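Heads up: the structure comes next, in structure tokens.
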Amino acid sequence: MKVAVIGLGAIGIQVLWQLSQTSGIEAHGFDRAYPGHPSAGAGGESRLYWNMELVEPNYTALIDRAATAWRKLESASNQVLRDPTGVLIYGREGDAQIQCAYKSARELGVPYELLGASRLRKQFPHILFGQNSLGLWDTTGAVIRPERTVEVTAELARRHGARIHEFSPISRIDVSDDPVRILTATGWQVFDRVVVSCGGWSSKLVPYIRSEVVTRRLTSMWFSGYDDNHFTGFPPFLRCAPHYCYGIPSRDRRSVKLGLGFNNHYVSGDADRFPRQLEGDDLIRELKKFEWIQQEMLPGISRRPYRIDTFVESYTRSMLEYIRPHPQNANVLVMTGFSGHGFRVSPAIGEIGCQLVISGKSDLDIRFLERASPVFSILDPEQGITTENSVMTNCE
Ligand SMILES: Cc1cc2nc3c(=O)[nH]c(=O)nc-3n(C[C@H](O)[C@H](O)[C@H](O)COP(=O)(O)OP(=O)(O)OC[C@H]3O[C@@H](n4cnc5c(N)ncnc54)[C@H](O)[C@@H]3O)c2cc1C
1 MKVAVIGLGA IGIQVLWQLS QTSGIEAHGF DRAYPGHPSA GAGGESRLYW
51 NMELVEPNYT ALIDRAATAW RKLESASNQV LRDPTGVLIY GREGDAQIQC
101 AYKSARELGV PYELLGASRL RKQFPHILFG QNSLGLWDTT GAVIRPERTV
151 EVTAELARRH GARIHEFSPI SRIDVSDDPV RILTATGWQV FDRVVVSCGG
201 WSSKLVPYIR SEVVTRRLTS MWFSGYDDNH FTGFPPFLRC APHYCYGIPS
251 RDRRSVKLGL GFNNHYVSGD ADRFPRQLEG DDLIRELKKF EWIQQEMLPG
301 ISRRPYRIDT FVESYTRSML EYIRPHPQNA NVLVMTGFSG HGFRVSPAIG
351 EIGCQLVISG KSDLDIRFLE RASPVFSILD PEQGITTENS VMTNCE
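According to full-length UniProt numbering, the sequence shown holds residues 1 to 396 in order.
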């Protein structure tokens, strides 16, 4: 069976690696750049790996599966792809997301410490915590090295015979035929199965998903500390409330990368149409969105960032992944909408994608992904305009 995986980012590369290990499969991967490039959804040096679920109780099955799948990937590559730092999840006592995280940690049996406001202040003096703050220290949480993970997985796939076509954008898929035809820069090619895993660009190949999936531009900002040793002991963190944001210290503990949540991302219906380099009013607007973090939460960081980058991500209405066959051709599997948390589960998604390609079924029941309730509505699918995400709190 000849299979094409289109888009070799966080997800596609894991699917390709799994396919390459399956006998009887001729696996081809296409990327418009190359595996591990920094400018799609998987760039920016770091990703949080946390072991708890903040919203959807059924998601814990995927988290559990991912823990094993990451160990398999690290063992097969003999590489440390996640730095074992621990991760702080925090919010306010009584917040639904903190309750959900606490419940899922207990259910999954992952090690954690429950930290009240005074413990939080003592342990992490870099962060200003409110009176009713409550935190969970995810002891086995980690910081993923995203570009390295994709690159290392590509190497594993190559070793198992996968053919990786770099700088090979796919511009169309013809689903009317069996086998399926895809248009490469050098002409049409045919495949028995096709996986579309182009992240925020997926809707360009399968436009019908626009009623379910939107694209956003995300800004990451890197700040140093006023004091050069400020980040000693600084935790990778995810703050759910009162305003959502996250921070990841650099590996040398000289800076922190900060990011915001869905409601603060740049709205667009087309991942190729928004500016990626921030300038003028766009830059001022983005800087403004981050100002409260220095003022209210991290007083020891520099006033302005020393590095700013933008990335692209796809979001479903439920904020849970979109993994479904094409409605007109079941030989095309669409895997997108990883909604800002896809990296931590990516090796597990790779296993599931491979099973779906081969047999149309996966051993992990993922029907809950389709049943989950929406947390925002899509008002204009072409422009990507939505209502606010009701689970995530704004910073403005
Ligand atoms: C700023 C930011 C912070 C995040 N933080 C976290 C985190 O802390 N923890 C976590 O778990 N997740 C996090 N995520 C989410 C995670 O990184 C994404 O869910 C994940 O990268 C999505 O994977 P993907 O394969 O769908 O898309 P991508 O990783 O974007 O890969 C898509 C690939 O498709 C290629 N492509 C696009 N169009 C074509 C085409 N026509 N032909 C060929 N190739 C094409 C692109 O070049 C790219 O390589 C974050 C995302 C962002 C953007």
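Note that CB positions come from ideal geometry on N, CA and C, so glycine has one too. Just so it is clear, the structure is predicted and the values come from calculations on it, not from any experiment.
**Asked** In terms of residues, what are the limits of the alpha helix (DSSP H) holding Cys354?
**Response** Under the DSSP assignment, Cys354 falls in the alpha helix (DSSP H) whose first and last residues are Ser346 to Ser359.
**Request:** Return yes when the C-beta of Leu73 is under 6 angstroms from any heavy atom of ligand 1, and no when it is not.
**Result:** Remark: the C-beta of Leu73 is outside contact range of ligand 1, defined as less than 6 angstroms to any heavy atom.
**Asked** Whose CA, out of Glu291, Val213 and Cys198, lies closest to the CA of His243?
**Response** Selected option, being the one with the closest Cα: Glu291.
**Message:** Looking at Leu387: is its Cβ nearer than 7 angstroms to the Cβ of Ser377?
**Reply:** Reading the sequence as shown, one finds Thr at residue 387 and not Leu. Their beta carbons are under 7 angstroms apart, which means Thr387 touches Ser377 by this criterion.
**Request:** Would you mind sorting Ser373 into buried or exposed? The rule is 16 or more other CB atoms within 10 Å of its CB.
**Result:** The residue is exposed, with fewer than 16 neighbouring Cβ atoms inside 10 Å.
**Asked** What are the uninterrupted segments assigned as beta strand (DSSP E) that are 3 or more residues long and contained completely in the segment 152-207, given in chain order?
**Response** Runs of the beta strand (DSSP E) inside the segment 152-207: 163-165, 172-174, 180-184, 187-191 and 193-196.
**Prompt:** Any idea what DSSP makes of Asn331, helix, strand or coil?
**Reply:** DSSP places Asn331 in strand when its eight states are reduced to three.
**Message:** If the criterion is Cβ atoms closer than 7 angstroms, does the pair Phe30 and Ile170 meet it?
**Reply:** Closer than 7 angstroms, so yes.
**Prompt:** Given Val152, which residues of its chain have a CB within under 7 angstroms of its CB, disregarding the five upstream and five downstream residues?
**Reply:** Counting only Cβ-Cβ distances below 7 angstroms, and skipping sequence neighbours, we find Ser77, Gln79 and Leu81.
**Request:** Please report the residue range of the alpha helix (DSSP H) in which Phe368 lies.
**Result:** Phe368: member of the alpha helix (DSSP H) spanning Arg367 to Arg371, first to last residue.
**Request:** Alpha carbon to alpha carbon, how far is Val195 from Val334? Give it in angstroms, no decimals.
**Result:** C-alpha separation (whole angstroms): 6 angstroms.
**Message:** Can you tell me whether Ala67 sits near ligand 1, meaning its C-beta is under 6 angstroms from at least one heavy atom of the ligand?
**Reply:** No; taking the cut-off as 6 angstroms, the Cβ of Ala67 has no heavy atom of ligand 1 nearer than that.
**Asked** With distances taken between CB atoms, is the gap from Ala157 to Ser20 smaller than 7 angstroms?
**Response** Yes, Cβ-Cβ distance for Ala157 and Ser20 is below 7 angstroms.
**Proximal residues to Gln328 (C-beta, below 6 angstroms), its chain only, five neighbours per side dropped** = Excluding sequence neighbours, Gln328 sits near Val175.
**Asked** Alpha carbon to alpha carbon, what distance is there between Asp228 and Pro207?
**Response** Between Pro207 and Asp228, the C-alpha separation is close to 48 angstroms.
**Asked** Between Tyr226 and Phe237, what straight-line distance do the alpha-carbon atoms span, to the nearest angstrom?
**Response** Taking C-alpha positions only, Tyr226 is separated from Phe237 by approximately 20 angstroms.
**Item:** Nearest-angstrom Cα separation, counted from Asp281 out to Glu107
**Value:** One C-alpha to the other measures close to 47 angstroms.
**Message:** Just to confirm before moving on: does the CB-CB distance between Ile11 and Ser346 stay below 7 angstroms?
**Reply:** Cβ distance < 7 angstroms, so Ile11 and Ser346 count as in contact.
**DSSP beta-bridge partners of Trp222** = Answer by DSSP bridge pairing, in chain order: Lys257 and Arg307.
**Item:** His341 beta carbon near ligand 1 (any heavy atom closer than 6 angstroms)
**Value:** Yes; taking the cut-off as 6 angstroms, the Cβ of His341 has a heavy atom of ligand 1 nearer than that.
**Asked** In its own chain, which residues sit with a C-beta less than 7 angstroms from the C-beta of Asp192, not counting the 5 before and 5 after it?
**Response** Cβ-Cβ distances below 7 angstroms link Asp192 to Met1, Lys2, Val3, Pro179 and Asn331 in the same chain, with the five nearest sequence neighbours on each side left out; the list follows chain order.
**Asked** In chain order, what residues of the same chain lie with their CB nearer than 7 angstroms to the CB of Ser211, ignoring the 5 residues before and after it?
**Response** So the list reads Ile378 and Pro381, once near-sequence residues are dropped.
**Check: Asp31 C-beta below 6 angstroms from any heavy atom of ligand 1** = At a threshold of 6 angstroms, Asp31 counts as near ligand 1, since its beta carbon sits closer than that to one of the ligand's heavy atoms.
**Message:** Please classify Ala66 as buried or exposed, where buried requires at least 16 neighbouring CB atoms within 10 angstroms.
**Reply:** By the 10 Å Cβ count, Ala66 comes out buried.
**Message:** Considering only their Cβ atoms, is the gap separating Val190 from Gly141 smaller than 7 angstroms?
**Reply:** In this structure, Val190 does not lie closer than 7 angstroms to Gly141 by Cβ.
**Where Arg317 sits in the DSSP three-state scheme** = Here Arg317 sits in coil by DSSP.
**Prompt:** What is the rounded straight-line gap between the Cα of Pro35 and the Cα of Arg285?
**Reply:** Using only the alpha carbons, I get a separation of about 32 angstroms.
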